[in-house]
Each structure stands twice: as C-alpha cells, then as structure tokens.
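Top line first, the protein sequences correspond to chains A and B. Be aware that the first sequence starts at 1, since it is given in this note's numbering, and climbs by one per residue. Be aware that the second sequence starts at 166, since it is given in this note's numbering, and climbs by one per residue.
Protein chains: 2
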Amino acid sequence: MSDPALGENLLFLTDEQLRQGIEAMFFAYRGFTADPDRILADMEYGRAHHRAVHFINRAPGTTVNNLLAILGVTKQSLNRVLRTLIEDGLVESRVGTADKRERHLFLTDDGRALEQRLSDAQRARMRAAYRAAGPQAVAGFRQVLEAMMDADMRRRYLALKESGA
Amino acid sequence: MSDPALGENLLFLTDEQLRQGIEAMFFAYRGFTADPDRILADMEYGRAHHRAVHFINRAPGTTVNNLLAILGVTKQSLNRVLRTLIEDGLVESRVGTADKRERHLFLTDDGRALEQRLSDAQRARMRAAYRAAGPQAVAGFRQVLEAMMDADMRRRYLALKESGA
DNA sequence: TTGGAATGTCAACAAGGCTGACATAAACTG
DNA sequence: CAGTTTATGTCAGCCTTGTTGACATTCCAA
Numbered sequence: 001m002s003d004p005a006l007g008e009n010l011l012f013l014t015d016e017q018l019r020q021g022i023e024a025m026f027f028a029y030r031g032f033t034a035d036p037d038r039i040l041a042d043m044e045y046g047r048a049h050h051r052a053v054h055f056i057n058r059a060p061g062t063t064v065n066n067l068l069a070i071l072g073v074t075k076q077s078l079n080r081v082l083r084t085l086i087e088d089g090l091v092e093s094r095v096g097t098a099d100k101r102e103r104h105l106f107l108t109d110d111g112r113a114l115e116q117r118l119s120d121a122q123r124a125r126m127r128a129a130y131r132a133a134g135p136q137a138v139a140g141f142r143q144v145l146e147a148m149m150d151a152d153m154r155r156r157y158l159a160l161k162e163s164g165a
Numbered sequence: 166m167s168d169p170a171l172g173e174n175l176l177f178l179t180d181e182q183l184r185q186g187i188e189a190m191f192f193a194y195r196g197f198t199a200d201p202d203r204i205l206a207d208m209e210y211g212r213a214h215h216r217a218v219h220f221i222n223r224a225p226g227t228t229v230n231n232l233l234a235i236l237g238v239t240k241q242s243l244n245r246v247l248r249t250l251i252e253d254g255l256v257e258s259r260v261g262t263a264d265k266r267e268r269h270l271f272l273t274d275d276g277r278a279l280e281q282r283l284s285d286a287q288r289a290r291m292r293a294a295y296r297a298a299g300p301q302a303v304a305g306f307r308q309v310l311e312a313m314m315d316a317d318m319r320r321r322y323l324a325l326k327e328s329g330a
C-alpha cells in the first residue's frame, strides 16, 4: 500500500491523498460560487439564474433542449428560471426559423450586463488563483477536472471549449 | 491583451482561459457528487447528510459548533440533518466532559459503514481522474483549488490536512 | 448571581431540485 | 392525410436544504 519501492511512485493515489483532494474540491467550490452568490443575493435571483445566463451568453441562440442537457435539470426547473428572466427582460426567446417548435435563447442588453457583473466577479477569483498557482499548475488543474467529469458532460465541455477559442 | 511579446507568457490568464476553467469546475463538480448522490437517493438522505458524516468521520469527537463552521450552514440546517442521523443510529452525540454544553459527535458502526460506502464511491472516481492525469497534474490541481478557497476555509482545510497525515 | 455562550427546538419561509399529467404546435412518417 | 413523435410550456404538488426569528435550557465565568 505505502511501499515506496514500486516501479512507479503511486503515493499520490493513497486514500489520504484522495480524501484531501475531495475536501479541496468541497472547500474550493464554496469559494468558486461565493462571489456571484453575494451579487445575486441582493436580487430576486439565485445560482440557477446565473447558470442559465452564463450558458445563454456562451452559446447565443441555443435551444431550450440544449440548455436543459447542459445544465442537467428538468424542463420544469429550467422553465421556472427562464420565465422570470424573460419577464424581467434579461433573456429573449425567439421562435426557430427552420423548426418553429424550437425556442432560441438570447441575452438582452440588460442580460448581458448582469452576466458581465457575475462573470467579472467569478473570473477575478479565478484569475487570482491561476496567478498564484502558475501556468503549469493550471494545466494540471484542468486535466484533473476533465478526467473527473462524466463522459457526456466531458463531450459537452469540450464542444464548448472548441467553439469558444 | 493577446500580445505574445510580454516578458512572461500570461496567456493562461485570458478571459477565455478563465471561462474554460469556470466551466470545468461546474461540470467536474457534477461528476464529483454524482456517485454518492446515487447511493443516497435510495435512502432518506441527501448530500447534506453525506457532508456531515464525512467530517464527523474525519474529526471524531468534533463539536457541533466546529462542524457548523466547516460546513458553513446554520445550526438549524445542521441540526435537522444531525437529528435524523442520531435517530437512525448513525451518529452518536456525547455531552462534553470538560464543557458539558458541548456535544461531541461520533459515528456509530452503522455510520462508519455508510461513510465507507459513500467515500469508496467518491474516491473511485477521484482515483481514476488522478491516475489519468498523473502526479504532476494532481499537484497543480491541488494548488489551484487551495488558491481558490476563501481564507478562513483554507485555514480549516490545511488544519484538516495536517491532522490527517 | 448574573451575563453570555453553546446547544436545541419550533415555526415559517424560499430556492431550486423532482415527478406526473396535460396542452399545443410543429414536424415527421407511413 | 392520419397518426406519432418532438419541443416546449404549464399546473400542481412534493422534497431537500438553505434561511430568519424567537425562545428555552444548561452551564461557565466574572
């Protein structure tokens, strides 16, 4: 188990190392969501609205079904969130041209403004963490996260990554 | 912004890189919680129970107040969870000896059994991700996560890490 | 003895998940 | 064309897990 005479050094796979990684994920995710959460707490919105706005901004014109798959929630849950965002004029829903059953989602100017506020806050923390850890650590960070995803989520993540840059 | 003639290569700090990191965190955290969630779904328990059981196992005899601070929830929320765990015989609450106001929390044999099931599942995914990414990536992963935490959470995380190994 | 700390409990509420059932319109298929 | 499937929306209700506020108990410490 802890025999250092292995052909390869596998000490990073001990239960204790894994547990530390698990706890690091837990505490880090709290920090990750803390700043946008603080902004949203002053509004009638929550984390679910943030996620919707983020991915609509990321893929303008996305359909409801696509957003559903990315977010991994039910249409009822998403619809509740989208309805308020549309009512409040942050999101616009346009009937599809090719397929009129589909609704294509876009951020309005107000929606983009909110998205900016939220992602500025979240990126600021991310940037500080990246800068503190350095480019090599960041590469490792991304590798481990990708390996941790479910296969279908990894596909979606990689597709977004491609489309972005 | 994207001038490659900088003294240091800071391309890993572009908004696009940061956004990819943000999305990686989102998708990876879903994977991170998926396996324990599946186990808990078959019981009357949720993710909050998992967290409580995890940290009681990690620091046996911890007080309610300490657990409160680690989990970052209100005592009412935690109490609801603890009550069911105690009623179901998974957690034991012992009145403190030095300070009889305090309750010290311990897992029972049944509690340890559940903790094992949950952490085995979570560690299995973590182990696969670690193995796929390799030790150097894991080191970077941990560095970035630590830098992402709030300062007080980082203190708690490091204290746990010390105590563990 | 009195004030404050640690804990527990009751009540009420909100966000955001979920399921099930049903409606509508559009597209597809035989 | 008739029937089925798909995409979406909506209503109703439920669960978990977070919140606040109020109040009781117990006990330590000044």
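We put the CB at the ideal spot given by N, CA and C, even for glycine.
Is DSSP giving THR227/B helix, strand or coil here?
strand
For ASP150/A versus GLY196/B, is the C-beta spacing smaller than 7 angstroms?
yes
Tell me the DSSP secondary structure of GLU327/B in three-state form.
helix
Considering only residues of the same chain and omitting the five flanking positions on each side of ALA5/A, which have a CB-CB separation below 8 angstroms?
The predicted model places ALA5/A with a pLDDT of 43, which falls under 50 and marks its position as unreliable; any figure quoted below should be read in that light. Exclusion of the five residues before and after ALA5/A leaves no residue of its chain whose Cβ lies closer than 8 angstroms to its Cβ.
Can you list the residues of chain B that GLN136/A reaches, using a CB-CB cut of under 7 angstroms?
GLY305
Chain A partners of ALA199/B, CB-CB under 8 angstroms?
Against ALA199/B, the close residues of chain A are ASP150, in the order they occur along the chain (beta-carbon pairs closer than 8 angstroms).
Quickly, what does DSSP pair VAL303/B with across the bridge? List them, please.
Note: VAL303/B sits in no beta bridge, so no partner.
Leaving aside the five residues before and after ILE22/A along the sequence, list all residues of the same chain whose C-beta is less than 6 angstroms from its C-beta, in chain order.
none
What are the boundary residues of the beta strand (DSSP E) that ARG94/A is part of?
91-95
Give the C-beta separation of VAL218/B and GLU280/B to the nearest angstrom, bearing in mind that I take them to be a contact with Cβ-Cβ under 8 angstroms.
About 5 angstroms separates the CB atoms of VAL218/B and GLU280/B; that is less than 8 angstroms, so the two are in contact.
Near LEU78/A, what residues of its chain come up, given a Cβ to Cβ distance below 6 angstroms and the 5 sequence neighbours on each side ignored?
LEU68
Is it buried or exposed for SER328/B, if we count other Cβ within 10 angstroms and need 16 for buried?
exposed
If you check the beta carbons only, do LEU153/B and THR273/B fall under 7 angstroms apart?
Given that chain B is displayed from residue 166 to residue 330, the structure contains no residue 153/B and the question cannot be resolved.
Does LEU145/A get closer than 7 angstroms to chain B when you measure Cβ to Cβ?
yes
Would the beta-carbon of GLY276/B fall within 7 angstroms of that of GLU267/B?
Their beta carbons are not under 7 angstroms apart, which means GLY276/B does not touch GLU267/B by this criterion.
Look at ALA137/A and VAL303/B and say whether their C-beta atoms are less than 7 angstroms apart.
Going by C-beta atoms, ALA137/A is not nearer than 7 angstroms to VAL303/B.
For HIS214/B and ARG131/A, I'd like the C-alpha separation in whole angstroms.
35 angstroms
If the cut is a Cβ gap below 9 angstroms, which residues of chain A does VAL185/B touch?
For the sequence presented, residue 185/B should be read as Gln rather than Val. Chain A residues near GLN185/B: ARG142, TYR157, LEU160, LYS161, GLY164 and ALA165.
CA-CA distance, LEU183/B and ARG203/B?
31 angstroms
What residue range is occupied by the uninterrupted beta strand (DSSP E) comprising LEU178/B?
Segment: none, LEU178/B is in no beta strand (DSSP E) and carries neither H nor E.
Where does the unbroken beta strand (DSSP E) through ARG268/B begin, and where does it stop?
Looking at the DSSP string, the run of the beta strand (DSSP E) that includes ARG268/B is 268-272.
Note down the Cα distance separating GLU181/B from MET25/A, rounded to an integer number of angstroms.
22 angstroms
Look up GLY72/A in the DSSP assignment and say whether it is helix, strand or coil.
Residue state for GLY72/A is assigned as coil, using DSSP reduced to three classes.
According to the neighbour-count rule (16 or more other Cβ atoms, all chains shown, within 10 Å of its Cβ), is PRO36/A buried or exposed?
buried
What residues of chain B sit near ARG30/A, judged by a beta carbon separation below 8 angstroms?
GLY237, MET314, ASP315 and MET318
Just the Cα atoms here: how many angstroms apart are ARG127/A and THR239/B?
30 angstroms
Looking at C-alpha atoms only, which residue of ARG117/A, HIS104/A, VAL64/A and VAL81/A is the closest neighbour of GLU216/A?
Only positions 1 to 165 of chain A appear in this structure, which leaves residue 216/A out of reach.
Go through its chain and collect everything with a Cβ distance to LEU250/B's Cβ below 6 angstroms, but skip five positions before and after it.
VAL256.
Are the C-beta atoms of GLU181/B and some chain A residue less than 7 angstroms apart?
yes
Taking all protein chains shown into account, do 16 or more other C-beta atoms lie within 10 angstroms of the C-beta of GLN185/B, making it buried, or fewer, making it exposed?
buried
Does the CB of LEU40/A have a neighbour CB from chain B at under 7 angstroms?
Not a single CB atom of chain B sits nearer than 7 angstroms to the CB of LEU40/A.
Given a threshold of 16 other Cβ atoms within 10 Å of its Cβ, counted over all protein chains shown, does GLY140/A qualify as buried or as exposed?
GLY140/A should be labelled buried.
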